[in-house]
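These notes concern the structure reproduced below.
Numbering (the UniProt record's numbering), first residue to last: 1 to 178.
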């Protein structure tokens, strides 16, 4: 017996017809409650999905690409939401952070008219780096250049390789323990 059934007067459950009617009403209310919760999730870009995501994309002028995962589409919308307003170092950092689970750090190099976005703790690019590039290019001032970098601290030896234009492979072993 559910909580709501306990609150009903006893005569509502005396006959099978009343009991069945109450069961149907409770199922409809339970479904309506789930639908309401789903609809409320569509009101926020961080929790929307499906048709709600399409509405957010349309509102911010992002072309809908159904071949992308919902999480990637949601990241694009969130980056656009965060990108509204004046471009600051904190804004660029927030947008870079929205595309990766690793911390992002923005270094300004004013004399060189550029900034560097460092992803700390990883040496691999985010899976949706093309969207990151598009988002940063959209919000950055036109006279600034920018670089995307990856930095990871390690206490073990690593091998670094390079492939020069002549085709010779050069390997360095770097001892990071000292």
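Even glycine gets a Cβ: it sits at the ideal position worked out from N, Cα and C. On a predicted model such as this, the values are computed, not experimentally measured, just so you know.
Extent of the continuous alpha helix (DSSP H) to which residue i belongs
i           : result
residue 44  : Per DSSP, residue 44 belongs to no alpha helix (DSSP H) and is neither H nor E.
residue 130 : 129–139
Beta-carbon contacts of residue i that lie in its chain and below 8 Å, excluding the five residues immediately before and after
i           : result
residue 141 : 87
residue 46  : 74 and 78
residue 58  : 64
Local Cβ density within 10 Å of residue i, reported as buried at 16 or more and exposed below that
i           : result
residue 145 : exposed
residue 52  : buried
residue 147 : exposed
residue 213 : Outside the shown range of the chain (1 to 178) lies residue 213, about which nothing can therefore be said.
residue 179 : In the structure as shown, the chain starts at 1 and stops at 178, and residue 179 therefore has no counterpart that could be examined.
residue 104 : buried
residue 115 : buried
residue 95  : buried
N- and C-terminal bounds of the beta strand (DSSP E) containing residue i
i           : result
residue 148 : 145–151
residue 115 : 114–120
residue 125 : Where residue 125 is concerned, there is no enclosing beta strand (DSSP E), given that its DSSP letter is neither H nor E.
Proximal residues to residue i (C-beta, below 6 Å), its chain only, five neighbours per side dropped
i           : result
residue 167 : Because the pLDDT at residue 167 is just 49, under 50, the model does not fix this residue reliably, and the value given afterwards should be weighed accordingly. Closer than 6 Å at the Cβ level, and outside the excluded window around residue 167, lies no residue.
residue 13  : 19
residue 76  : 62 and 131
residue 93  : 104 and 106
Beta-carbon proximity list for residue i, same chain, < 7 Å, skipping 5 on both sides
i           : result
residue 126 : 99, 100 and 132
Exercise for the section: Inspect the CB distances between the stretch 108–121 and the stretch 73–81 and report whether three or more fall short of 8 Å. Expected result: no
Exercise for the section: Please go through the stretch 58–89 and give each complete alpha helix (DSSP H) segment of 4 or more residues, from N-terminal end onward. Expected result: 70–82
Exercise for the section: Evaluate the contact criterion for the stretch 96–104 versus the stretch 128–144: three or more CB pairs, one atom per stretch, below 8 Å. Expected result: yes
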